[in-house]
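Q: The listed protein sequences correspond, in order, to chains A and B.
If you're matching positions, the first sequence starts at 20 in the numbering used here and goes up one per residue.
If you're matching positions, the second sequence starts at 20 in the numbering used here and goes up one per residue.
For glycine and all other residues, C-beta sits at the position ideal for the given N, C-alpha and C.
Values in this document were obtained by computation on a predicted structure and should not be read as measured data.
To start, I am sharing the structure in question, which I have written as C-alpha cells.
2 protein chains.
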Amino acid sequence: MLGAMATVSDSHELRLLTPQELRAWRGMLRAQAALAKALDAQLEAAHGLQLSSYEVLTYLADAEDERMRMCDLASSILLSRSGLTRLVDRLAREGLLQRVACSDDARGQFAKLTPAGREKLRAARATHLAGVRAMFLDLFSPEELDRLGDSWERVLDKTGWGCCK
Amino acid sequence: MLGAMATVSDSHELRLLTPQELRAWRGMLRAQAALAKALDAQLEAAHGLQLSSYEVLTYLADAEDERMRMCDLASSILLSRSGLTRLVDRLAREGLLQRVACSDDARGQFAKLTPAGREKLRAARATHLAGVRAMFLDLFSPEELDRLGDSWERVLDKTGWGCCK
DNA sequence: GGCAAGTCGTTGAGCGTGCAATCAGAAGTG
DNA sequence: CACTTCTGATTGCACGCTCAACGACTTGCC
Numbered sequence: 020m021l022g023a024m025a026t027v028s029d030s031h032e033l034r035l036l037t038p039q040e041l042r043a044w045r046g047m048l049r050a051q052a053a054l055a056k057a058l059d060a061q062l063e064a065a066h067g068l069q070l071s072s073y074e075v076l077t078y079l080a081d082a083e084d085e086r087m088r089m090c091d092l093a094s095s096i097l098l099s100r101s102g103l104t105r106l107v108d109r110l111a112r113e114g115l116l117q118r119v120a121c122s123d124d125a126r127g128q129f130a131k132l133t134p135a136g137r138e139k140l141r142a143a144r145a146t147h148l149a150g151v152r153a154m155f156l157d158l159f160s161p162e163e164l165d166r167l168g169d170s171w172e173r174v175l176d177k178t179g180w181g182c183c184k
Numbered sequence: 020m021l022g023a024m025a026t027v028s029d030s031h032e033l034r035l036l037t038p039q040e041l042r043a044w045r046g047m048l049r050a051q052a053a054l055a056k057a058l059d060a061q062l063e064a065a066h067g068l069q070l071s072s073y074e075v076l077t078y079l080a081d082a083e084d085e086r087m088r089m090c091d092l093a094s095s096i097l098l099s100r101s102g103l104t105r106l107v108d109r110l111a112r113e114g115l116l117q118r119v120a121c122s123d124d125a126r127g128q129f130a131k132l133t134p135a136g137r138e139k140l141r142a143a144r145a146t147h148l149a150g151v152r153a154m155f156l157d158l159f160s161p162e163e164l165d166r167l168g169d170s171w172e173r174v175l176d177k178t179g180w181g182c183c184k
C-alpha cells in the first residue's frame with residue numbers, strides 16, 4: 020500500500036488514476052470492444068450481415084412506413100453522411116433496401132426497407148437479440164440495467180451527443 | 020401499459036427488448052462511441068496523437084524497462100498483429116519508440132519507448148486524464164465506479180477476452 | 001539430429017470510414 | 001424576383017484496420 024503510494028509520486032503535477040478508476044475505465048473500453056466484436060462476428064457468421072447494416076435495417080423497420088431520410092439515419096447510427104451513403108449502397112446492392120426520392124424535398128432521399136430486407140432482419144434479429152441477452156442483458160438485474168441506463172445518460176449529456184457530428 | 024404489451028405481441032416467436040433493456044443497451048453503444056470520439060479528437064487536437072497511439076505509449080511506460088513484445092502489446096490494446104505492426108511503424112517514424120530485437124527469441128521484436136516518447140506521453144497524459152475525468156470518472160461516486168468495474172468484469176468473462184483474437 | 005507443427009512479426013490486398021470538395025436544391029433577405 | 005447562405009447527398013482521396021499468406025524461428029516428438 021505504502022509502496023504503491025510512493026511510486027505514484029512519480030506523477031509530477033498530475034493526479035493519476037486510482038486502481039478503482041483504472042479498472043472502471045479500462046474495463047469499459049475492453050468490454051465494449053469485446054462485445055462489439057463478438058456480436059459482429061456472430062451476426063456475420065449467421066447471416067452475413069455486419070452490425071452497422073443490422074442497425075440500419077432495425078431503424079428502418081421501426082420507422083414510419085419503413086423508410087427514413089439519409090441524414091436522420093446517419094445520425095441515428097452515429098455514422099458520417101458519406102459513410103452512410105456507401106453503407107446504403109451496399110445494402111441496396113444486396114436488395115435489402117431501396118432508395119426512394121423525397122417528394123417534399125428534391126434534395127432528399129429515403130432509404131426504404133424491401134420485403135427481402137424485412138425478412139433478413141426478422142431472421143437476424145433472433146440471433147442478435149439472443150447474443151445481446153447472453154453477453155450483456157442477462158448479466159444484470161432490472162435495477163442494475165436501470166442504473167446503467169442512468170449512467171449512459173449522464174455520459175451522453177456530458178459529451179453532448181443528442182445529435183451527431 | 021396494456022397497450023404496449025399488445026403491440027409487443029407482433030413478435031412472432033421472439034421476445035423483444037423491454038424499454039429498460041433498450042435504454043441500457045443503446046445507451047451503452049452511444050455513450051461509448053461518443054466518449055471514444057470526444058477523447059480521440061481532444062488528444063489529436065492537443066498533441067497530434069491518436070487514442071490508439073496513446074494507448075501504446077501508456078502500456079510501454081508501465082512495462083518493465085519501458086518495452087513490450089509486439090504480440091503482448093497487440094493483445095493489450097485489442098489490435099490485430101498486423102495492425103500493431105503498422106501502428107508501431109508510425110510511432111517509430113515519429114521517433115516516439117524504437118524496435119529492439121529480442122535476444123531470447125530471434126523471431127521477436129520489442130517496442131521500446133524513447134525519451135521523446137516518454138516526454139510526449141507525459142504531456143498527453145495530462146490532457147487525456149483530464150478528459151477521462153471530466154467526461155466519465157467525475158460523473159460517478161467511488162461506489163458506482165466499483166459497481167461499473169464489476170459489470171465490465173462480468174461482461175468480459177462472458178465474452179471470453181482475457182486474451183486476444 | 002531431423003522433421004512437423006506452432007508462433008512471431010511483416011507484407012499485400014481489400015474494405016469501411018472520415019474529411020474536404022462538389023453539386024442540386026431549399027430557405028432567408030433585400 | 002434575384003442573391004446569398006445553408007442543407008442533403010454523393011464522390012475522390014487518404015487512412016487505419018483485418019485477413020490471408022509468407023518467411024524466419026522455436027518447440028515437440030520420433
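Measure how close the beta-carbons of Phe129 (chain A) and Arg137 (chain A) come, nearest whole angstrom, since I'm counting them as under 8 Å.
A: Along the first sequence, read from residue 1 onward, the residue named residue 129 (chain A) stands at position 110. Along the first sequence, read from residue 1 onward, the residue named residue 137 (chain A) stands at position 118. Not confirmed; about 15 Å, so no contact.
Q: State yes or no: is the beta carbon of Arg49 (chain A) nearer than 8 Å to at least one beta carbon in chain B?
A: Within the first sequence, the letter at position 30 stands for residue 49 (chain A). True, the Cβ-Cβ gap to chain B drops below 8 Å.
Q: In the segment 89 to 107 of chain A, which residues sit with their C-beta less than 7 Å from some C-beta in chain B, listed in chain order?
A: Correct list: Leu97.
Q: Where do the N-terminal and C-terminal ends of the alpha helix (DSSP H) with Arg152 (chain A) fall, by residue?
A: Here residue 152 (chain A) refers to the residue found at position 133 when the first sequence is read from its first residue. Taken as a continuous stretch (DSSP letters only), the alpha helix (DSSP H) holding Arg152 (chain A) covers Pro134 to Met154.
Q: Under the assumption that Ala50 (chain A) contacts Leu175 (chain B) (Cβ atoms under 8 Å), give the Cβ distance between them as a whole number of angstroms.
A: Here the question's residue 50 (chain A) lines up with position 31 in the first sequence. Here the question's residue 175 (chain B) lines up with position 156 in the second sequence. Going by Cβ atoms, the distance from Ala50 (chain A) to Leu175 (chain B) rounds to 5 Å, so yes, they are a contact pair.
Q: Would you tell me roughly how many angstroms separate the C-alpha atoms of His66 (chain A) and Ile96 (chain B), rounded to the nearest one?
A: On the first sequence, position 47 is the one that residue 66 (chain A) refers to. On the second sequence, position 77 is the one that residue 96 (chain B) refers to. Between His66 (chain A) and Ile96 (chain B), the C-alpha separation is close to 28 Å.
Q: Nearest-angstrom Cα distance between Lys177 (chain A) and Ser160 (chain B)?
A: Counting from 1 along the first sequence, the entry for residue 177 (chain A) is found at position 158. Counting from 1 along the second sequence, the entry for residue 160 (chain B) is found at position 141. Rounded to whole angstroms, Lys177 (chain A) to Ser160 (chain B) spans 16 Å at the Cα level.
Q: What does Glu172 (chain B) reach in chain A if we use C-beta pairs closer than 9 Å?
A: Along the second sequence, one-based indexing puts residue 172 (chain B) at 153. Going along chain A in sequence order, the residues near Glu172 (chain B) (Cβ under 9 Å) are Arg42, Gly46 and Ala50.
Q: Looking only at its own chain, which residues have a Cβ that is under 8 Å from the Cβ of Met20 (chain A), when we skip the five neighbours before and after it?
A: What you label residue 20 (chain A) is simply residue 1 of the first sequence in a count that begins at 1. Any reading at Met20 (chain A) needs caution, since the residue's pLDDT is 42, under 50, leaving its predicted position unreliable; the model's value is listed next. So the list is empty, once near-sequence residues are dropped.
Q: State yes or no: is the beta carbon of Ala53 (chain A) nearer than 8 Å to at least one beta carbon in chain B?
A: The count along the first sequence starts at 1 and reaches residue 53 (chain A) at position 34. It does: the Cβ of Ala53 (chain A) has a partner Cβ on chain B nearer than 8 Å.
Q: What is the DSSP secondary structure of Leu79 (chain A), reduced to helix, strand or coil?
A: Along the first sequence, one-based indexing puts residue 79 (chain A) at 60. Reduced to three states, the DSSP call for Leu79 (chain A) is helix.
Q: In the segment 41 to 127 of chain A, which residue ranges form an unbroken alpha helix (DSSP H) of at least 4 residues, counting only runs that do not cross its ends?
A: If we require 4 residues or more, the alpha helix (DSSP H) runs fully inside the segment 41 to 127 of chain A come out as 70 to 81, 89 to 95 and 100 to 112.
Q: Is the beta carbon of Ala43 (chain A) sitting closer than 8 Å to the one on Gly168 (chain B)?
A: The residue you call residue 43 (chain A) lines up with position 24 of the first sequence. The residue you call residue 168 (chain B) lines up with position 149 of the second sequence. For Ala43 (chain A) and Gly168 (chain B), yes; Cβs fall inside 8 Å.
Q: Closer than 8 Å, Cβ to Cβ, to anything on chain A: give me those residues from the segment 138 to 160 of chain B, in chain order.
A: Residues Arg141, Arg144, Ala145, Leu148, Val151, Ala153, Met154, Phe155, Leu156, Leu158 and Phe159.
Q: Based on the DSSP secondary-structure assignment, which residues constitute the bridge partners of Lys131 (chain B)?
A: As a position in the second sequence, residue 131 (chain B) is number 112, starting the count at 1. Beta-bridge pairing links Lys131 (chain B) to B:Arg86 and B:Gln117.
Q: Give me the Cα-Cα distance between Leu110 (chain A) and Arg144 (chain A), rounded to the nearest whole angstrom.
A: One-based indexing of the first sequence puts residue 110 (chain A) at position 91. One-based indexing of the first sequence puts residue 144 (chain A) at position 125. Each residue's Cα considered, the two are about 17 Å apart.
Q: Name the chain B residues that come within less than 9 Å of Gln39 (chain A), Cβ to Cβ?
A: Reading the first sequence from its first residue, position 20 is the one you call residue 39 (chain A). Per Cβ cutoff of 9 Å: Pro161, Leu164, Asp165 and Gly168.
Q: Could you tell me if Glu85 (chain B) is buried or exposed, where buried requires 16 or more neighbouring beta carbons within 10 angstroms of its beta carbon?
A: Taking the second sequence and counting its residues from 1, one reaches residue 85 (chain B) at position 66. Glu85 (chain B) comes out buried.
Q: Whole-angstrom Cβ separation of Leu92 (chain A) and Thr146 (chain A), contact assumed at under 8 Å?
A: Your numbering for residue 92 (chain A) matches position 73 in the first sequence. Your numbering for residue 146 (chain A) matches position 127 in the first sequence. Not quite, the Cβ-Cβ distance comes to about 22 Å (not below 8 Å), so this is no contact.
Q: Is Gly150 (chain B) buried or exposed, if buried means 16 or more other CB atoms sit within 10 Å of its CB?
A: Taking the second sequence and counting its residues from 1, one reaches residue 150 (chain B) at position 131. Buried: at least 16 other Cβ atoms inside 10 Å.
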